[in-house]
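> The listed protein sequences derive, respectively, from chains A and B.
In terms of the numbering used here, the first sequence opens at residue 1 and continues consecutively.
In terms of the numbering used here, the second sequence opens at residue 354 and continues consecutively.
Take a look at the following structure, please.
2 protein chains.
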Amino acid sequence: MSIPHHVTIKDIAQQLKVSISTVSRALRCGTDINEETRKLIQGVAKELNYSPNPIALSLKDKKTKVIGVIVQEIANNYCSSTIAGIEDYACKKGYNVLISQSHEKFDAELAATRLMASRRVDGLLISLSNETRQVDHLKEIIEMGVPVVMFDRVSDNLDTHKVVVDDYQGAFDLTAHLIESGYEQIAHLTISKHLAITQNRLKGFLDACKAHNVKVNNDWIVYCDFNGRNIRKEIRKLLKGSHRPDALFCSVERLTMACIKELRDMGLRIPGDVALAGFSDNTLTPYLNPPLTSVIQPTFAIGQKAARLLIELIENKTMPISFKTIRLKTSLSIQDSTRALATGWNEGDMYDS
Amino acid sequence: MSIPHHVTIKDIAQQLKVSISTVSRALRCGTDINEETRKLIQGVAKELNYSPNPIALSLKDKKTKVIGVIVQEIANNYCSSTIAGIEDYACKKGYNVLISQSHEKFDAELAATRLMASRRVDGLLISLSNETRQVDHLKEIIEMGVPVVMFDRVSDNLDTHKVVVDDYQGAFDLTAHLIESGYEQIAHLTISKHLAITQNRLKGFLDACKAHNVKVNNDWIVYCDFNGRNIRKEIRKLLKGSHRPDALFCSVERLTMACIKELRDMGLRIPGDVALAGFSDNTLTPYLNPPLTSVIQPTFAIGQKAARLLIELIENKTMPISFKTIRLKTSLSIQDSTRALATGWNEGDMYDS
DNA sequence: CTGAAAGCGCTTACAG
DNA sequence: CTGAAAGCGCTTACAG
């Protein structure tokens with residue numbers, strides 16, 4: 001394939017027999033330039049379909065107008081809606097989005113972070129992998145002068161802007177709903193105990209249980225990784241005994257989906273045999289089988305706000321005096337998956353939402 | 354925020370009191386260089402955490418090692434899995450992925466294409482918007498020397514590599530399944546009639562009907578845009594009469610999801626009142642309510658293969674003699690949403706898959 | 001108002 | 001083996 005050829009300022013200069021400085025000036029704000037030559041130059045530029053080479057610009061002013069995004073999995077409902085929000089805001093501000101995935105692995109997250117730095121992104125948005133226990137790699141990139149904003153899975157150990165949902169309150173409300181619906185044998189399936197998101201959701205769960213005088217079985221707080229087989233094993237273990245939970249509260253969508261599949265394979269009905277609920281966004285849960293009670297997170301808005309904070313950091317000359325954490329409200333969407341006890345659920349209700 | 358500072362070749366040269374040429378040579382293949390100075394330089398480079406500025410490299414050899422991807426909506430199951438496949442392959446080959454969305458609008462697709470060109474991506478992957486009727490913008494970018502590979506929604510009017518699924522066969526097989534399951538009043542909901550994907554799926558549908566001597570009602574071939582209200586209206590119109598379809602075949606997932614919601618709102622059971630099936634990928638359909646019969650597309654593989662073809666075009670010195678279209682096989686996943694008639698479906702079967 | 005020059009970070013012939 | 005020079009495309013003081 002031939003080398004791409006884009007017309008340059010030089011091409012225009014030659015065609016018009018003027019210097020490249022003049023062309024450059026004509027194409028910029030247009031000060032210090034004869035009105036006629038300016039028009040002439042702009043005419044030719046348009047005609048030749050000239051667009052300035054951002055590579056050359058980047059080299060001069062050390063800005064790429066690109067922001068990096070590191071997520072766990074692009075092909076994950078939560079991630080892709082957040083990315084959509086990021087792209088939406090970034091695009092409006094003239095930034096493009098470079099995407100990388102950690103696949104829930106710390107090593108990949110580290111490599112992706114370094115890659116973003118070496119790519120000279122103007123800033124980085126990141127949601128941590130399930131394996132991440134320290135954030136030195138992020139401190140490193142911040143020291144290089146690349147601002148970082150965290151979203152969703154954030155870390156207390158990094159001083160920067162963060163965008164999260166009110167994980168504690170969301171978990172509290174959902175748990176309260178379960179208890180008020182008559183479920184008192186609730187298991188909590190969650191991810192790495194080193195993540196703030198895990199701790200906050202767990203705390204919301206525990207506090208709601210305490211507030212309602214519901215006893216928590218410690219064996220029913222299950223920390224999972226993202227390996228399908230392991231998840232499957234944990235779910236089976238939890239449900240096989242005679243004394244088993246009557247409700248499952250999954251802290252992330254991946255676990256919820258795994259439960260739907262596993263319960264079905266085990267021949268257990270939702271919510272007839274076991275109720276199921278979790279954190280999710282609103283694009284999917286109404287369509288699931290059964291429609292799923294969940295804490296709805298405003299994923300698109302999370303992406304937009306994270307992008308806004310990052311671009312503010314990039315474009316502000318001075319370091320902010322202090323960093324802020326935006327904590328978005330969640331809402332509780334009550335659907336069929338937790339309705340068996342409270343409303344005398346039966347399968348005929350399945351389509352009422 | 355301070356200007357990012359990355360260490361340069363010059364920093365290393367100064368520290369070691371050698372010329373930048375020497376440093377450059379030491380850091381490259383290492384020919385024409387004294388072994389000791391080479392080690393010295395590489396040591397300092399490592400110590401200073403040096404990574405070459407890709408911007409500078411790009412300026413010289415006119416390669417950015419970035420490929421552009423234009424999809425309709427990132428936050429769409431089909432798109433995000435394809436992107437994941439693209440990212441997977443690109444990453445392995447040392448390319449990064451810049452993402453943009455058309456939101457199903459031609460103008461946005463045009464703008465995104467121009468943006469990608471102005472960003473100097475080494476190549477472009479694109480799936481067309483629902484409004485796209487001609488591809489001059491793609492011919493334009495190809496003429497500039499930027500190779501383009503199309504996937505999913507491709508156009509016959511562009512001579513380049515393409516990656517699609519066998520839309521015709523998939524639609525034929527699904528239709529045959531419907532008919533063999535006893536449905537003969539089948540409506541086909543699809544998108545823009547100008548897209549090849551629409552035409553091929555429609556043809557598969559029509560040919561299967563003909564092969565089975567099933568009459569097609571032309572009013573039941575419905576072309577939709579991506580506006581929620583319009584889709585809703587079309588679905589209502591289709592189902593309100595006394596003589597209504599007993600099965601809906603949706604050509605894309607967005608329409609399938611809309612049908613699930615709309616049918617539920619209308620109080621119609623799937624498949625009890627109306628069967629439902631469509632094109633999808635396998636990440637979602639088993640979890641839907643009801644589990645959905647669908648033509649499964651290998652989305653991740655589509656992304657990988659499209660990326661591979663594009664990178665081949667980028668890295669090959671010579672234009673290929675001819676372009677190829679990779680047509681991946683689909684598979685038919687039969688689930689509850691089309692089981693009412695054939696198997697004496699009842700709601701108790703809902704969890705058997 | 002216009003052009004020559006320097007510089008962003010790097011590579012690569014070209015002298016020595 | 002090493003360094004000075006030119007050049008990728010652009011901008012921006014600096015002369016004129």
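Quick reminder that beta carbons are idealized off the backbone N, C-alpha and C, glycines included.
Between the alpha carbons of isoleucine 260 of chain A and asparagine 289 of chain A, how many angstroms are there, rounded?
To locate residue 260 of chain A, count along the first sequence from 1; it is residue 260. To locate residue 289 of chain A, count along the first sequence from 1; it is residue 289. Whole-angstrom Cα-Cα distance: 8 Å.
> Using a Cβ-Cβ distance under 7 Å, would threonine 696 of chain B count as near chain A?
For the purposes of this step, residue 696 of chain B is identified with residue 343 of the second sequence, where counting begins at 1. Note that threonine 696 of chain B has pLDDT 49, beneath the 50 cutoff, so the model's placement of it is unreliable and the number below is only indicative. Closer than 7 Å: no.
> Whose Cβ in chain B lies nearer than 9 Å to the Cβ of arginine 28 of chain A?
Start at 1 with the first residue of the first sequence, and residue 28 of chain A comes out as number 28. Chain B residues near arginine 28 of chain A: none, gap ~16 Å exceeds 9 Å.
> Report yes or no: is there a C-beta of chain B within less than 7 Å of the C-beta of histidine 137 of chain A?
In the first sequence, counting from the first residue as 1, residue 137 of chain A sits at position 137. Not one chain B Cβ lies under 7 Å of histidine 137 of chain A.
> Give a yes or no on whether the minimum CB-CB distance between isoleucine 613 of chain B and chain A is below 7 Å.
The count along the second sequence starts at 1 and reaches residue 613 of chain B at position 260. Closer than 7 Å to some Cβ of chain A, the Cβ of isoleucine 613 of chain B qualifies, so yes.
> Using 7 Å as the threshold, is the C-beta distance between serine 434 of chain B and alanine 75 of chain A below it?
Locating residue 434 of chain B in the second sequence gives position 81, counting from the first residue. Locating residue 75 of chain A in the first sequence gives position 75, counting from the first residue. Contact: yes.
> Check whether the Cβ atoms of serine 471 of chain B and aspartate 505 of chain B lie closer than 7 Å to each other.
Residue numbering aside, residue 471 of chain B sits at position 118 when the second sequence is read from its first letter. Residue numbering aside, residue 505 of chain B sits at position 152 when the second sequence is read from its first letter. Against a cut-off of 7 Å, the Cβ pair of aspartate 505 of chain B and serine 471 of chain B comes out as no contact.
> For chain B, is any of its Cβ atoms less than 7 Å away from the one on arginine 120 of chain A?
Sequence index remark: in the first sequence, residue 120 of chain A carries index 120 (1-based). Taking Cβ atoms only, chain B reaches closer than 7 Å to arginine 120 of chain A, which makes this a yes.
> For glutamate 388 of chain B, I'd like the list of residues in its chain whose CB is within less than 6 Å of its CB, leaving aside the five on either flank, ordered along the chain.
On the second sequence, residue 388 of chain B is found 35 positions in, with the first residue counted as 1. Same-chain partners within the cutoff: there are none.
> Looking only at its own chain, which residues have a Cβ that is under 6 Å from the Cβ of alanine 208 of chain A, when we skip the five neighbours before and after it?
On the first sequence, residue 208 of chain A is found 208 positions in, with the first residue counted as 1. The residues are Phe172, Thr175 and Ala176.
> Work out the CA separation of threonine 132 of chain A and alanine 340 of chain A for me, nearest whole Å.
In the first sequence, the residue the question calls residue 340 of chain A occupies position 340. In the first sequence, the residue the question calls residue 132 of chain A occupies position 132. Approximately 38 Å between the Cα atoms of the pair.
> Does isoleucine 126 of chain A have its Cβ less than 7 Å from a Cβ in chain B?
Your numbering for residue 126 of chain A matches position 126 in the first sequence. No, its Cβ sits nowhere closer than 7 Å to a Cβ of chain B.
> What residues from the segment 76-98 of chain A come within 7 Å of chain B, judged by C-beta to C-beta, listed N to C?
Here the close residues are Ser80, Ser81, Ile83, Ala84, Glu87, Asn96, Val97 and Leu98.
> Could you tell me the boundaries of the alpha helix (DSSP H) in which glycine 528 of chain B lies?
Residue numbering aside, residue 528 of chain B sits at position 175 when the second sequence is read from its first letter. Here residue 528 of chain B is threonine; the residue named in the question, glycine, does not match the sequence. 520-533 is the span of the alpha helix (DSSP H), which, as asked, contains threonine 528 of chain B.
> Can leucine 608 of chain B and alanine 540 of chain B be called in contact, C-beta distance under 7 Å?
Taking the second sequence and counting its residues from 1, one reaches residue 608 of chain B at position 255. Taking the second sequence and counting its residues from 1, one reaches residue 540 of chain B at position 187. Cβ atoms of leucine 608 of chain B and alanine 540 of chain B: not closer than 7 Å.
> What three-state label does DSSP hand tyrosine 287 of chain A in the structure shown?
Start at 1 with the first residue of the first sequence, and residue 287 of chain A comes out as number 287. Note: tyrosine 287 of chain A maps to helix in three-state DSSP.
> Between leucine 98 of chain A and glycine 68 of chain A, is the Cβ-Cβ spacing less than 7 Å?
Position 98 of the first sequence holds residue 98 of chain A. Position 68 of the first sequence holds residue 68 of chain A. Their beta carbons are under 7 Å apart, which means leucine 98 of chain A touches glycine 68 of chain A by this criterion.
> For tyrosine 576 of chain B and chain A, any beta-carbon pair shorter than 7 Å?
In the second sequence, residue 576 of chain B corresponds to position 223, counting from 1. It does not: the Cβ of tyrosine 576 of chain B has no partner Cβ on chain A nearer than 7 Å.
> Give the C-beta separation of threonine 325 of chain A and valine 164 of chain A to the nearest angstrom, bearing in mind that I take them to be a contact with Cβ-Cβ under 8 Å.
Counting from 1 along the first sequence, the entry for residue 325 of chain A is found at position 325. Counting from 1 along the first sequence, the entry for residue 164 of chain A is found at position 164. So it is a contact: roughly 7 Å between Cβ atoms.
> What are the boundary residues of the beta strand (DSSP E) that includes leucine 100 of chain A?
The residue given as residue 100 of chain A occupies position 100 in the first sequence. With the sequence shown as reference, residue 100 of chain A is identified as serine, and leucine is not the correct amino acid for it. Segment 96-101, the beta strand (DSSP E) holding serine 100 of chain A.
> Along chain A, which residues have their Cβ under 8 Å away from the Cβ of alanine 409 of chain B?
For this step, residue 409 of chain B is matched to residue 56 along the second sequence. Those are Leu59, listed as they occur along chain A.
> Helix, strand or coil: how does DSSP classify cysteine 91 of chain A here?
Indexing the first sequence from 1 puts residue 91 of chain A at position 91. Helix.
> Counting C-beta neighbours from all protein chains within 10 Å, is the total for histidine 212 of chain A 16 or more, i.e. buried, or is it exposed?
Residue mapping note: residue 212 of chain A aligns to position 212 of the first sequence, counting from 1. When all chains shown are included, histidine 212 of chain A counts as exposed.
> Is it buried or exposed for arginine 582 of chain B, if we count other Cβ within 10 angstroms and need 16 for buried?
Along the second sequence, one-based indexing puts residue 582 of chain B at 229. Label assigned to arginine 582 of chain B: exposed.
> Does isoleucine 674 of chain B pass the burial test, meaning 16 or more other C-beta atoms within 10 Å, or should it be called exposed?
Position 321 of the second sequence, counted from the first residue, corresponds to residue 674 of chain B. It is exposed - the Cβ of isoleucine 674 of chain B has fewer than 16 other Cβ atoms within 10 Å.
> So glutamate 36 of chain A contacts chain B; which residues on that side make the cut at Cβ distance below 9 Å?
Along the first sequence, read from residue 1 onward, the residue named residue 36 of chain A stands at position 36. Per Cβ cutoff of 9 Å: no residues; glutamate 36 of chain A is ~27 Å from chain B at best.
> So, helix, strand or coil for methionine 503 of chain B, using DSSP?
In the second sequence, residue 503 of chain B corresponds to position 150, counting from 1. Strand, per DSSP.
> Mind listing the chain B neighbours of glutamine 101 of chain A? Cutoff is C-beta to C-beta under 9 Å, in chain order.
Translated into the one-based positions of the first sequence, residue 101 of chain A becomes position 101. Here the neighbours are Ala437, Glu440, Asp441 and Cys444.
> Can you give me the Cβ contacts of serine 706 of chain B inside the same chain, cut-off strictly under 8 Å, excluding the 5 residues immediately before and after it?
Taking the second sequence and counting its residues from 1, one reaches residue 706 of chain B at position 353. Residue placement at serine 706 of chain B is poorly supported in this model, since its pLDDT is 37, which falls under 50; the coordinates still yield a value, given next. Excluding sequence neighbours, serine 706 of chain B sits near Pro639, Pro644, Gln688 and Asp689.
> Of all Cβ atoms in chain A, is any one closer than 7 Å to the Cβ of tyrosine 640 of chain B?
To locate residue 640 of chain B, count along the second sequence from 1; it is residue 287. With 7 Å as the cut-off, tyrosine 640 of chain B counts as an interface residue toward chain A.
> Let's see if you can read the secondary structure: which residues bound the beta strand (DSSP E) around alanine 277 of chain A?
Looking up residue 277 of chain A in the first sequence gives position 277. From DSSP, the beta strand (DSSP E) with alanine 277 of chain A extends over 275-280.
> What are the residues in the segment 291-316 of chain A lying within 7 Å of chain B by C-beta distance?
Going along the segment 291-316 of chain A in chain order, one finds Pro291, Leu313, Ile314 and Asn316 with a Cβ nearer than 7 Å to chain B.
> Of all the CB atoms in chain A, is at least one closer than 7 Å to the CB of glycine 498 of chain B?
Stepping through the second sequence from its first residue, residue 498 of chain B is reached at position 145. At least one chain A Cβ lies under 7 Å of glycine 498 of chain B.
> Beta carbons nearer than 8 Å to chain A: which residues of the segment 598-628 of chain B have them?
Correct list: Met610, Ile613, Lys614, Arg617, Gly620 and Arg622.
> CA-CA distance, serine 242 of chain A and valine 274 of chain A?
Translated into the one-based positions of the first sequence, residue 242 of chain A becomes position 242. Translated into the one-based positions of the first sequence, residue 274 of chain A becomes position 274. Rounded to whole angstroms, serine 242 of chain A to valine 274 of chain A spans 13 Å at the Cα level.
> What are the partner residues of leucine 124 of chain A, as DSSP defines its beta bridges?
As a first step, residue 124 of chain A must be located in the first sequence, where it is residue number 124. For leucine 124 of chain A, which the question treats as bridged, DSSP gives the partners A/Gly68 and A/Val148.
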